[in-house]
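Protein chains in written order, with the numbering used here: chain A, 1 to 181; chain B, 1001 to 1560. Where is the CB? At the ideal position from N, CA and C, for every residue including glycine. Right, one structure below, let's go through it.
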Amino acid sequence: METNADAFEQERMDAVLRKRAKKLSREFLKEGSTDEDLLEIVEFRLGPERYGVASLHVGEVVPLREHAIVPCTPPFVAGIINLRGRIVSLVDLKFFFDIPATTLSEQTRVVVLRSGEMELGILADALVGIRTISLLNLHPPLPTMAGVRSAYLLGVEGEDIAILDGARILRDESLIVDEEV
Amino acid sequence: MVKLHNISIGKKLGFGFGTVVLIALVLGITGILGISRLSDDIEYITTNRFSDLRSLAGLNYLRMSIRAETLEAVLAENKPNRDENLRMILERRKNSWGKIDEHWSTLLSVPRYMEKERQLVEILKVQYQSWRKMHADMDRFLEELLRSASDDRKTALFGEFRTLVTRLLPISEVMGSTFDDLTRSNNEQTDLLVAEDLKRASILEMFSLLAMIVGVFIALVMTLKISRSIVLPISSAVSFLSRLREGELRENVPKEFLARKDEIGTLAQAVQDLTEGLRDQIASMKEVTVALASSVYQISASVSEVTAGAEETAVAVVETTATMEEVRTTAEVTNKKSKEVAESAQQGLQVVQKGKSATDALFDGMKHVGERMTSIAETIIRLSEQSQEVGEITETVEDLAEQSNLLAVNAAVEAAKAGEQGRGFSVVAQEIKSLAEQSKQSAKEVQRILRDIQKATSAAVMAIEQGSKAVEQGAMDAIPSRESIQGITKKFVESAQSAAQIAAANNELLAGIDQVTQAMESIKAAGEQNVAGMKDLEEASGGLKEMGQKLSLLIERYTM
């Protein structure tokens, strides 16, 4: 009986995996879409809202284990982390998008954006995963979003995923803190 | 002359009887002497004279008989059965000789007092001897005749025999005449003796008649005299005593009797004394009778009272006996009841002991349940700890899933950077990610289940704790009931013992009552006997009273 139950469970699991593989392959083979129109994003959560950033700009995603709070820094700087010997600063985007601050948890991840020498950690409340979106489905940001927010956004995919412009964030000088106290 | 009144009756009687006896003695001695003389003569006649005469007659007869035989033998010569006849004759002759010798010796033994008789006997002796000699010769011839065979010899012998016979006949005749002489002399002598005796007897007869007449006369005179001197005073005494019996005590014995010095005088004195003594006694008896009458009256009254008392006592005893019977019945009922109570107590004791064992079992069961619960609680706690460990493991799994997810993302990112070449890797990364998701989901599921388990175990532990507490409380609560059951058991044992003791005591009580009842029965019987005795006594006292009255009547009869 037990072996039968195990076998049944195994079968069910296999079926689920096969179904998922088929679904994924269908997404990739969407009609009327080309490779240029597709964009692979890393999706994550900031508070209740979902955000994504193109995987091209993402160096890696690491869990937040230890971070040091740096004094006399702007409020959006959450601190610094030691990433395999390199010091990477952490930015809390919630500050920019008027999302209520949340406490750090086990789910808290650091999405490391990388472009050449520039490295920047974005503090995400949770990692959702990798997703491939079609640029055709990307809408411009809502007019209610202005200022910095709209400047960092690439667009809104579907209903609720805000796609961040990783290159722009990496380039933004305002995020570089260089002041002496 | 001595007065007859002063001689004692014994002496008087002795004198009278002595006279009579003397006469009788003289008479008797004379008679005896005469009779003895007569008897001597008769004896003499009988022994001497008569035997002499008998012998003489016998000898004469035998002489004649022998003579006849001899003649017969002579005649037998010519008879045909001569020898036979001779033999018989010889036989008869021999028999006759024996008788002749006997008579001859008797004749010689008779004493002869007369001279004439003596001479005759001497002559007879000579004649007898020659006669005998001749006969002896004849016998010899006869024997020879029988023995000899020749007829000549026999004829010769017969001839000799005949000559002998012729010689014998005169001798025989002479002897016969001598016999006759002797007989005659004897007869004469005897007649003389008898005549003398008859004369003497007539004298004796005369004397006896005279003596008898004198003796009778004297005896009559003496008897009259003596009886007169005894009978008169005795009859007068009898009449005096019969008057005394009638109750006449005033009279005294006449002086003439008192003056006598014989037994009559003594008797008169004694009667006088008796009369006087009787007078005194009757006087005392009169007094005593009066006292006795009053005593008897008192005794009778007392006896009546005591009888009444005894009857009352008997009634009371009967009532007491009845009461004892009731008590006994009650005691029996009590005894029965107490036995029942004892049995009930025993049964109750058994029930209580059962209850005790049940509570003990309950107690043990509770203890056991408590131990089991503790063990279950420990097991559940261990289970909880283990589920904690499982939770930790699931956390690790979750962590690993998270890291795998992260790795998948990073791999996908790297694959995207690789461009077209990384497309396959991207799919793999996606697959890993999905696995990681799944692992995470499973771990979450496990965690949820563990939480449920945790909750359940906590609830179970709580429940067990409560249960343990309840069991402990139950045990605690059971202690007083156990103690109370122990107490009850003890009490029941005591009460059972008490009931048994009561039953035993009741038994003893019953035995005691039985004894009392028996004793009461004895008392009752004794009381009844008492009453009967008292009744007898009453009757006796009545009799006594009557006797007292009779006695006084008797005494009143005496005149003093």
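Exercise. Give the residues from the segment 1430-1458 of chain B that approach chain A closer than 9 Å (Cβ to any Cβ), ordered along the chain.
Key: Within the segment 1430-1458 of chain B, the residues whose Cβ lies closer than 9 Å to some Cβ of chain A are Q1430, E1431, K1433, S1434, L1435, E1437 and Q1438, listed in chain order.
Self-check item: N-terminal and C-terminal residue of the beta strand (DSSP E) that N1006 of chain B is part of
Solution: For N1006 of chain B, no beta strand (DSSP E) segment is defined, and its DSSP state is neither H nor E.
Exercise. Inspect the beta-carbon positions of V1317 of chain B and I1523 of chain B and report whether they are closer than 8 Å.
Key: V1317 of chain B places its beta carbon less than 8 Å from that of I1523 of chain B.
Practice problem: Could you work out which residues of chain B lie near R20 of chain A, taking near to mean beta carbons separated by less than 7 Å? | Solution: Chain B residues near R20 of chain A: S1434.
Quiz prompt | Among B:V1026, B:F1015, B:L1022 and B:K1550, the one whose alpha carbon lies nearest that of A1293 of chain B | solution = Of the candidates B:V1026, B:F1015, B:L1022 and B:K1550, the one whose C-alpha sits nearest the C-alpha of A1293 of chain B is B:K1550.
Self-check item: Neighbouring residues, chain A, relative to L1400 of chain B (Cβ below 8 Å)
Solution: Result: empty, since nearest Cβ-Cβ is about 12 Å, beyond 8 Å.
Quiz item: Are the segment 62-74 of chain A and the segment 98-111 of chain A touching by the rule of at least three beta carbon pairs closer than 8 Å?
Solution: A contact exists between the segment 62-74 of chain A and the segment 98-111 of chain A.
Exercise. Can you have a look at Y152 of chain A and say buried or exposed, based on whether 16 or more other CB atoms are within 10 angstroms of its CB?
Key: By the neighbour-count rule (16 or more Cβ atoms within 10 Å), Y152 of chain A is buried.
Exercise. Can you pull the chain A residues whose beta carbon is under 9 Å from the beta carbon of V1413 of chain B, in chain order?
Key: Under the 9 Å cutoff, chain A gives E40, V42, S55, L56, V58, G59, E60, V61 and I130.
Quiz item: In chain order, what residues of the same chain lie with their CB nearer than 8 Å to the CB of S33 of chain A, ignoring the 5 residues before and after it?
Solution: Bear in mind that a pLDDT of 49 at S33 of chain A, under 50, signals an unreliable position, so the number given afterwards is only what the model happens to contain. Apart from sequence neighbours up to five positions away, the residues of its chain that approach S33 of chain A with a beta-carbon distance below 8 Å are S134 and L136, ordered along the chain.
Quiz item: Is it true that the segment 1538-1552 of chain B meets the segment 1284-1293 of chain B, where meeting means three or more beta-carbon pairs spaced less than 8 Å apart?
Solution: Because the criterion of three Cβ pairs below 8 Å is met, the segment 1538-1552 of chain B and the segment 1284-1293 of chain B touch.
Quiz prompt | Enclosing beta strand (DSSP E) for T186 of chain A [first to last residue] | solution = Look at the range of chain A in this structure, 1 to 181, and you will see that residue 186 of chain A is not part of it.
Quiz item: Whole alpha helix (DSSP H) runs in the segment 1032-1098 of chain B with 4 or more residues, listed along the chain?
Solution: Whole alpha helix (DSSP H) segments, 4+ residues: 1051-1075.
Quiz item: So is L90 of chain A in contact with chain B if we call contact Cβ pairs under 8 Å?
Solution: Residue contact with chain B for L90 of chain A: absent (no Cβ-Cβ distance below 8 Å to any residue of chain B).
Quiz prompt | Own chain, CB closer than 7 Å to S1051 of chain B, minus 5 neighbours either side, in chain order | solution = Here the set comprises T1106 and V1110.
Quiz prompt | The alpha helix (DSSP H) enclosing S1338 of chain B, as first and last residue numbers | solution = Annotation for S1338 of chain B: the continuous alpha helix (DSSP H) segment containing it runs E1263 to A1418.
Quiz prompt | Closer than 8 Å to chain C by CB, L93 of chain A | solution = The displayed structure is made up of protein chains A and B, and chain C is not among them.
Quiz item: If L1249 of chain B sits next to I1282 of chain B, beta carbons under 8 Å apart, how far is it from one beta carbon to the other, in whole angstroms?
Solution: Yes, L1249 of chain B and I1282 of chain B are in contact; Cβ-Cβ is about 7 Å, under 8 Å.
Self-check item: Per-residue burial, D92 of chain A [other beta carbons within 10 Å of its own, 16 or more giving buried]
Solution: That one is buried.
Quiz item: Residues in its own chain within less than 7 Å of K1094 of chain B by CB, not counting five upstream and five downstream?
Solution: Around K1094 of chain B: no qualifying Cβ.
Exercise. Write down the C-beta distance between T1394 of chain B and A1443 of chain B rounded to the nearest angstrom, noting that I regard them as a contact closer than 8 Å.
Key: Contact flag correct, Cβ pair sits at about 5 Å.
Quiz item: Any beta-carbon of chain B closer than 8 Å to the one on L127 of chain A?
Solution: Yes - at least one Cβ of chain B is within 8 Å of the one on L127 of chain A.
Practice problem: Look at the Cβ atom of Q1438 of chain B, then the Cβ atom of L24 of chain A, and state whether they are nearer than 8 Å. | Solution: Not in contact: Q1438 of chain B and L24 of chain A (Cβ atoms no closer than 8 Å).
Practice problem: Give the C-beta separation of F1179 of chain B and E1160 of chain B to the nearest angstrom, bearing in mind that I take them to be a contact with Cβ-Cβ under 8 Å. | Solution: Taking a contact as a CB-CB distance under 8 Å, the pair F1179 of chain B and E1160 of chain B does not count as one, their CB atoms being some 28 Å apart.
Quiz prompt | Neighbour-count burial assignment, R1063 of chain B, 16 or more Cβ in a 10 Å radius | solution = R1063 of chain B is buried by the Cβ-count criterion.
Quiz item: Is the CB of L120 of chain A under 8 Å away from at least one CB in chain B?
Solution: It does not: the Cβ of L120 of chain A has no partner Cβ on chain B nearer than 8 Å.
Quiz item: Sorted by chain position, which residues of the same chain lie with C-beta nearer than 7 Å to L127 of chain A's C-beta, five sequence neighbours on each side aside?
Solution: So the list reads F44, V61 and R109, once near-sequence residues are dropped.
Practice problem: List the whole-angstrom C-beta distance separating T1183 of chain B from I1045 of chain B, where the pair is believed to meet the contact cut-off of C-beta under 8 Å. | Solution: Actually they do not touch by this definition, with Cβ atoms about 15 Å apart.
Quiz item: Listing by chain order, which chain A residues have their CB less than 7 Å from the CB of V1409 of chain B?
Solution: Within chain A, the residues whose beta carbon sits less than 7 Å from that of V1409 of chain B are V42, V61, L127, G129 and I130, listed in sequence order.
Quiz item: Is Y51 of chain A helix, strand or coil by DSSP?
Solution: Secondary structure at Y51 of chain A: strand, using DSSP grouped into helix, strand and coil.
Quiz item: Using 8 Å as the Cβ pair cut-off and three pairs as the minimum, do the segment 1239-1254 of chain B and the segment 1188-1207 of chain B touch?
Solution: The segment 1239-1254 of chain B vs the segment 1188-1207 of chain B: no contact.
Quiz prompt | Within chain A, the residues that A1361 of chain B reaches when beta carbons sit closer than 9 Å | solution = The premise fails here: A1361 of chain B is roughly 43 Å from chain A at the closest Cβ pair, so nothing lies under 9 Å.
Quiz item: In chain order, what residues of the same chain have a beta carbon less than 8 Å from the beta carbon of E1069 of chain B, not counting five sequence neighbours either side?
Solution: Excluding sequence neighbours, E1069 of chain B sits near I1089, R1092, R1093 and S1096.
Quiz item: Taking T1019 of chain B as the reference, which of B:I1218, B:G1058 and B:L1192 has the closest Cα?
Solution: Put simply, of B:I1218, B:G1058 and B:L1192 the residue whose alpha carbon is nearest the alpha carbon of T1019 of chain B is B:I1218.
Practice problem: Specify whether the segment 1407-1418 of chain B and the segment 1494-1510 of chain B touch according to this definition: at least 3 beta carbon pairs, one from each stretch, less than 8 Å apart. | Solution: Result no; under three Cβ-Cβ pairs closer than 8 Å.
Practice problem: Name the one or two DSSP bridge partners that T1559 of chain B has. | Solution: B:E1248.
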